[in-house]
Structure formats: structure tokens, C-alpha cells
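Its first residue numbered 4, the sequence shown is counted upward by one per residue in the numbering used here. In this text, a Cβ means the ideal position worked out from N, Cα and C, and glycines have one as well. If you're wondering where the values come from, they're calculated on a predicted model, not measured in any experiment. Have a look at the structure below before the remarks.
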Amino acid sequence: MTPASDNSSDPGQVFAPAPTPAPNPVPNPVPAPVPSQRRVCVVSGSSSGIGAATVLRYAREGWDVVVNCAHRIEPAQAVADACRALGVSALVVRADVASDADCRRLAAEVEAAFGRVDVLVNSAGTTKFVAAKDLDGLQAEDFQRIYAVNVIGPWQMTRALLPLLQRQPGSGVVNISSIAATMGVGSSIAYMASKGALNAMTVGLARALGPQVRVNAIAPGMVDSPWLKQGLGAERYAATAVGYRARATLDALILPEDVADAAWWLGAGAAKTTGEVILLDAGLRLSRG
Ligand SMILES: NC(=O)c1ccc[n+]([C@@H]2O[C@H](COP(=O)([O-])OP(=O)(O)OC[C@H]3O[C@@H](n4cnc5c(N)ncnc54)[C@H](OP(=O)(O)O)[C@@H]3O)[C@@H](O)[C@H]2O)c1
4 MTPASDNSSD PGQVFAPAPT PAPNPVPNPV PAPVPSQRRV CVVSGSSSGI
54 GAATVLRYAR EGWDVVVNCA HRIEPAQAVA DACRALGVSA LVVRADVASD
104 ADCRRLAAEV EAAFGRVDVL VNSAGTTKFV AAKDLDGLQA EDFQRIYAVN
154 VIGPWQMTRA LLPLLQRQPG SGVVNISSIA ATMGVGSSIA YMASKGALNA
204 MTVGLARALG PQVRVNAIAP GMVDSPWLKQ GLGAERYAAT AVGYRARATL
254 DALILPEDVA DAAWWLGAGA AKTTGEVILL DAGLRLSRG
């Protein structure tokens, strides 16, 4: 073990001055053009749900945006068209966040198109719907696939876009986590574990990337988006929604636009906030009595 790794693994060293970081190994393959005059937000998984609401929120505020999807390009194009109708530029990049090569290609395309990135929102996520008590319903491969998208994905996206983020004062990363990380509810144990890891990574990256880049997360409760409707089916979705509202102090589900509001504040504002995981659950944790 090298002296450097000795240092970094000793919690007692946490308040010691950080060593000068090595240059970021990610190359900037395309020379930067004149950067966009408008600020730029990249949102992974923005062809649907929370991600789509978030790019639209930034576009409404006059930012140029990057819309990302992994599979179906048509919904991504539709979201980009809606952003362009608001008077901003929108780039669509199909890229699987679980693939480092895809993330680096996305970063190169964004740099060529806009020459800057001010905010990255990591919203792309995946799961497998398996009841928590059904231990045989989840295999190691399920954990690995979910971890690859929900944890390694945000890591790779952040690393690929870091040289661009570091050029913009006050830039930020916002990770979309879930109450599943802390409440033991959600689509599966593998999903809960992945969001717990994402929370831990948020705090670690916040410490590592300051003072240039802030890193925060949002942990929504049950969101009214295609995710749960498709995963649970219409009948179970309706019953789950009734149960959620009955327990949540504010008697409400979360809307994608609610998460987008929080992602807007954490990305574009919140100048003194980093390493935070904001619970957005309509008061579920208070459990109405
Ligand atoms: N819905 C909820 O109740 C809820 C609650 C808490 C947290 N969350 C979190 O919120 C995030 C977004 O969920 P949502 O409700 O907006 O889901 P959604 O409506 O199903 O949208 C998922 C988006 O992610 C994209 N995507 C999936 N895998 C990807 C990958 N490997 N690389 C790039 N893009 C990928 C999808 O594009 P394609 O269709 O092209 O794959 C789509 O744009 C997820 O991280 C989820 O864990 C959701």
C-alpha cells in the first residue's frame, strides 16, 4: 500500500489538507468551440418522467439542455422539441450510462455542441420489481445490472463531464436517489441498496470535488411517472398510490415537476449546499397517525 492510499483510508485524516489532485485522466477529445452564452444542463434519462420534467424546467429558465436516453430515441426527440419551442438549444444523445465509452462520447458531443456544462442531473435509473421477502427472486446479476446503471452510471457521467463542470464557477451535480435508500421500501432490495450507495457516493464526491463543483441528491417518495405504472401495472399502482397518500402527512404523491423544482434549486442555486440528500416525500416519514 502506498503512503497516499494510507492517508486516504484513514478517517483521522479527513480534516487534513487534501493533497494536490492529479490531473483528471478524462481527455477532452474535441477542442472547445466558443462556449454557449447560455448556461447548459445535462440530464441523464430525460426522455421520460423526472428527467424530462427537469430538462424542461431548465429550458424554461433559458438554459440550453442535453436530453439523454438509452433505448427509445423518439420520446427523447419529443422532449428536445418541447425545449426548443421554449427558445433554447437542445441536443439529444442516446447513451447508456452504464457504459463508460457512451458517457465519454456524450461528453465529447456536448463539448462540441455547447463548449460548457454548468449542471449535470443524474436521473437515469433502473430496477427489478421483486417483493422484499422473495429472496430467491433476486440474483447476483440483478444487483450487478441495477448497480451498474444506478451507481456506476452517475459516477461515469460525473467523471466524463468533470473537466467541463470544473470550468464553470458554481457548477453542480444532482443525483436522483430515492426514499428506498433509507426507508426499506421500494421496488426491490437490490434497488434500495443501489440508492444507498448513490447517497454515499454523493457525499464522497461532494467532498472530493469541492470547492469547484457541488454534489447533492434528491430522494423522492412515490412519483407519478411511467416508472411505477409500468413496473406495478395499473391496478397495483392505483392501490399503492392510495396507500402512499394515506400515510403521507401532505396526502399527496410526488410529481416529476416537484423533483424538477428541487433539481433546479440544487443545480442552479444552493450555492452553499453540497453533500446533501434532500428527502422529497410529502411527509411520508412523518407517517400520519
Ligand atoms: N418513479 C418513482 O416513483 C421514483 C421514486 C424515487 C426515485 N426515482 C428515481 O428517479 C429516476 C427517474 O425515474 P422516473 O420515474 O423518471 O423513470 P422513467 O419515467 O421510467 O424514466 C427513466 C428514464 O431513464 C432512462 N434510462 C434508463 N436506463 C438508462 C440507462 N442505462 N442510460 C441512460 N438512460 C437510461 C430512460 O430512457 P429509455 O426509455 O430510453 O431507457 C428514461 O428516459 C430513477 O433514478 C429512479 O430510481 C423514481
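Check	Outcome
Other residues of its chain near S126: CB distance less than 7 Å, five sequence neighbours each side excluded	V46, S47, G48, S49, I53, G54, T57, I179
Secondary structure, alpha helix (DSSP H): runs of 4+ residues fully inside the stretch 173 to 206	183 to 186
V216 and G278 closer than 8 Å at C-beta	no
Residue burial classification, E238 (beta-carbon count within 10 angstroms, cutoff 16)	exposed
M204: CB within 7 Å of a non-hydrogen atom of ligand 1	no
Length of the line joining the Cα atoms of V262 and E64	16 Å
Alpha-carbon spacing of A163 relative to R107, whole angstroms	5 Å
Cα-Cα separation, L212 to P259	28 Å
Residue from T185, P78, T129, R288 whose Cα sits closest to the Cα of A249	R288
Heavy atom of ligand 1 within 7 Å of G48 beta-carbon	yes
beta-carbon R60 near ligand 1 non-hydrogen atom, thresh 7 Å	no
Outcome for R60 when other beta-carbon atoms lying within 10 angstroms are tallied against a minimum of 16	buried
Buried versus exposed call for D67 [16 or more other C-beta atoms within 10 Å across all chains shown]	buried
Every unbroken alpha helix (DSSP H) inside the stretch 75 to 155 [4 residues or more]	76 to 87, 103 to 117, 143 to 150
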